[in-house]
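Student: The structure's right below; bear with me while I get my questions together.
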Amino acid sequence: MAATIFLIVISAVFSQNFILVKFLGICPFLGVSKKTNSALSMGIAVTLVMILATLVTWPLYMYIMVTLGIEYLEIIFFIFVIAALVQMLEKIIEKLSPALYRSMGIYLPLITTNCAILGVAELLLVNDLADVVSGAAAGISMNLGFALLYALFAGVGFTVAMVLMGGVREKLEKLPVAKCMKGFPITMVAASFMAMAFYVFALL
Amino acid sequence: MNAKLKQYGKIAYDGLITNNATFKLVLGTCATLGMSTSAVNSFGMGLSVTVVLLLSNVIISLLRNVIPNTVRIPAFVVIIATMVTLLRMVLEKYIPDLYDSMGVFLPLIVVNCVILGRAEAFASKRPVIESAVDGIFTGLGLTCALTLIGIIREFLGSGSFFGIQVMDFKIGFFTNAAGAFFVYGICIALFMLITDQADKARRVKKAQLLRVPAEPLPPVDNTAVQATEET
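Read top to bottom, the protein sequences are chains A and B.
Its first residue numbered 1, the first sequence is counted upward by one per residue in our numbering.
Its first residue numbered 1001, the second sequence is counted upward by one per residue in our numbering.
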């Protein structure tokens, strides 16, 4: 049990990192990673929505949609659930803590169209844990607890990659770069080197 | 009629080059990076996005006067999600190979920023035919870009071209994640360089056309300027 949990954590954060290995959530990775602070806020917001979305979509699919035989509607249902959750979260944060809303609020609407959220909801729709977590022993069946744990640490992995990129980009700003490499191209090349570092975990 | 054709031509040129979704706007990056492991995969992904883009653009343009402004984004998302669901069913039945290789990136077409972006910026304001032209050519621009990245990565990564073995070498770097970022970054840089040079060349040509050749300019009449300065 403990070994399984450890595997899920390592897999979600490092060896199957959402941004640098699976290519999910690249838009915020390129768009909001100019500063470490905003990268961290975005990462936390995404993690929060990921957990909430999994908490709703996983039981919805496994217990309701499969029973009713309407699995083919999953895309429409999921995107609706995510959009509603994001809207709700925005309103709650605005009421509870205006300070937090000011620092995080602007990122929330962007999250609806974030591949990472829909990606985690879609990826977790399997019956066997080994289909999601590479290296897990076959035969361990998926349940809501594992799904939530995976979503949490996928979010942590997303945040780690965002913050690292934020740090790299703060330094990149000060470097003399050829005109055609400015902006996206040099960021992509930097991301490529980070992906190389994360690839090592997949080899373990 | 001619003016209309010219307008369609401009929309097409914008979609293909000026506002190329992949290289210029850098939208829909997840699909570009994730599906460009081989030329066939990236071509399939590009065409799938084109189909969804065309259908959603047409439908949204038809409904542009019916959808209330306040709920337009959810309405667009539902239309796009429906199109993707239909596409998924068709691919599962008729092209199962592509369906399998696309995996999670097939449902993720819903959150591809290019599609929602064109719906919001173009289809929700323009008539149907213009929107259809825009959908097709934005999609084709994206398909060309994706296929180019796919060809480069496939060739360097496994020495093959559209699945046919051409040369006997393998550079593992290009088949994994790091290579995807690297090739994409370099491709954007090259695209910027080429379009910049083309722009510069065009500007030089225009300047040459405007220049008055042999005759010297007539002397400027300064009296009018002096008169206004004095008053």
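Cβ atoms here follow ideal geometry from the backbone N, Cα and C, with glycine treated the same way.
Every value quoted in this text rests on a predicted model; they were computed, and no experiment measured them.
If you run the structure through DSSP and keep just helix, strand and coil, what is B:D1168?
Tutor: Here B:D1168 sits in coil by DSSP.
Student: Once the 5 residues before and after B:A1012 are set aside, which same chain residues still bring their CB inside 7 Å of it?
Tutor: Once the five neighbours on either side are set aside, the close Cβ partners of B:A1012 are V1133 and F1137.
Student: Would you mind sorting B:Q1197 into buried or exposed? The rule is 16 or more other CB atoms within 10 Å of its CB.
Tutor: Counting Cβ neighbours within 10 Å, B:Q1197 comes out exposed, since fewer than 16 surround it.
Student: Compare the C-beta of B:G1157 against all C-beta atoms of chain A and say whether one is closer than 8 Å.
Tutor: Judged by the 8 Å Cβ criterion, B:G1157 is not in contact with chain A.
Student: Within the chosen definition, does the segment 14 to 33 of chain A reach the segment 76 to 96 of chain A through at least 3 CB pairs nearer than 8 Å?
Tutor: These segments do not touch.
Student: Cβ closer than 7 Å: which chain A residues qualify as neighbours of B:L1033?
Tutor: Here the neighbours are F23 and I26.
Student: What does the alpha-carbon distance come out to for the pair B:K1024 and A:K35?
Tutor: Each residue's Cα considered, the two are about 23 Å apart.
Student: With a Cβ-Cβ cutoff of 8 Å, do B:T1143 and B:L1047 count as a contact?
Tutor: Yes, Cβ-Cβ distance for B:T1143 and B:L1047 is below 8 Å.
Student: Please report the straight-line C-alpha distance between B:I1129 and B:V1058, rounded to a whole angstrom.
Tutor: The alpha-carbon atoms of B:I1129 and B:V1058 are separated by roughly 8 Å.
Student: State the Cα-Cα distance for the pair A:L149 and A:V156, rounded to the nearest angstrom.
Tutor: Roughly 11 Å between the two C-alpha positions.
Student: Would you call the segment 1150 to 1170 of chain B and the segment 1180 to 1187 of chain B in contact, with 3 or more CB pairs under 8 Å?
Tutor: At 8 Å Cβ cutoff, the stretches touch.
Student: Find the residues of chain A that neighbour B:M1192, judging by a C-beta separation of less than 7 Å, and give them in chain order.
Tutor: Neighbours of B:M1192 on chain A, chain order: C180.
Student: From A:M196, A:A197 and A:L172, pick the residue whose C-alpha is nearest to that of A:K187; which is it?
Tutor: According to the sequence as given, residue 187 of chain A is Thr; it is not Lys. Of A:M196, A:A197 and A:L172, the residue nearest in Cα terms is A:L172.
Student: Is there a C-beta anywhere in chain B that falls below 8 Å from the one on A:P185?
Tutor: Yes, contact with chain B.
Student: Is it the case that the CB of B:S1036 approaches a heavy atom of the ligand ATP more closely than 7 Å?
Tutor: Inclusion of the ligand ATP in the displayed structure is not the case, the ligand content being empty and no account of it being possible.
Student: Kindly indicate the opening and closing residues of the alpha helix (DSSP H) around B:N1002.
Tutor: Unbroken alpha helix (DSSP H) run through B:N1002: N1002 to Y1013.
Student: Where do the ends of the alpha helix (DSSP H) carrying A:I117 lie?
Tutor: A:I117 -> alpha helix (DSSP H) spans C115 to L123.
Student: Between A:V160 and A:V21, is the Cβ-Cβ spacing less than 8 Å?
Tutor: In this structure, A:V21 does not lie closer than 8 Å to A:V160 by Cβ.
Student: Assuming contact is defined by CB atoms lying nearer than 8 Å, are B:M1102 and B:M1045 in contact in what I supplied?
Tutor: Yes.
Student: Take the Cβ of A:L108 as the centre, count every other Cβ of all protein chains shown within 10 Å, and call the residue buried at 16 or more, exposed below.
Tutor: Per the 10 Å Cβ criterion, buried.
Student: Whose C-alpha, out of A:P176, A:Y199, A:R102 and A:K179, is nearest the C-alpha of B:A1180?
Tutor: The residue with the shortest Cα to Cα distance from B:A1180 is A:Y199.
Student: Could you check the C-alpha separation between A:C27 and B:I1067 for me, to the nearest Å?
Tutor: Approximately 28 Å between the Cα atoms of the pair.
Student: Have a look at the DSSP bridge pairing and note the partners of A:D128.
Tutor: The partner list for A:D128 (beta bridge, DSSP) reads A:S141.
Student: So with CB distances below 8 Å, who are the chain A contacts of B:I1017?
Tutor: Result: empty, since nearest Cβ-Cβ is about 16 Å, beyond 8 Å.
Student: Comparing the C-beta of B:M1045 with each C-beta of chain A, is any distance below 8 Å?
Tutor: Cβ-Cβ to chain A under 8 Å: no for B:M1045.
Student: Report the three-state DSSP secondary structure of B:F1162 (helix, strand or coil).
Tutor: It is coil, neither helix nor strand.
Student: Quick check on DSSP: helix, strand or coil for B:P1127?
Tutor: Reduced to three states, the DSSP call for B:P1127 is coil.
Student: Using the rule of at least 16 other Cβ atoms within 10 Å of the residue's Cβ for burial, across every protein chain shown, is B:F1122 buried or exposed?
Tutor: By the 10 Å Cβ count, B:F1122 comes out buried.
Student: Residues in the segment 1176 to 1189 of chain B with C-beta within 8 Å of chain A's C-beta atoms, listed in sequence order?
Tutor: If the cut-off is 8 Å between Cβ atoms, the segment 1176 to 1189 of chain B has N1176, A1177, A1178, G1179, A1180, F1181, F1182, Y1184, G1185, I1186, I1188 and A1189 near chain A.
Student: Under a CB-based cut-off of 8 Å, is B:V1084 close to chain A?
Tutor: Closer than 8 Å: yes.
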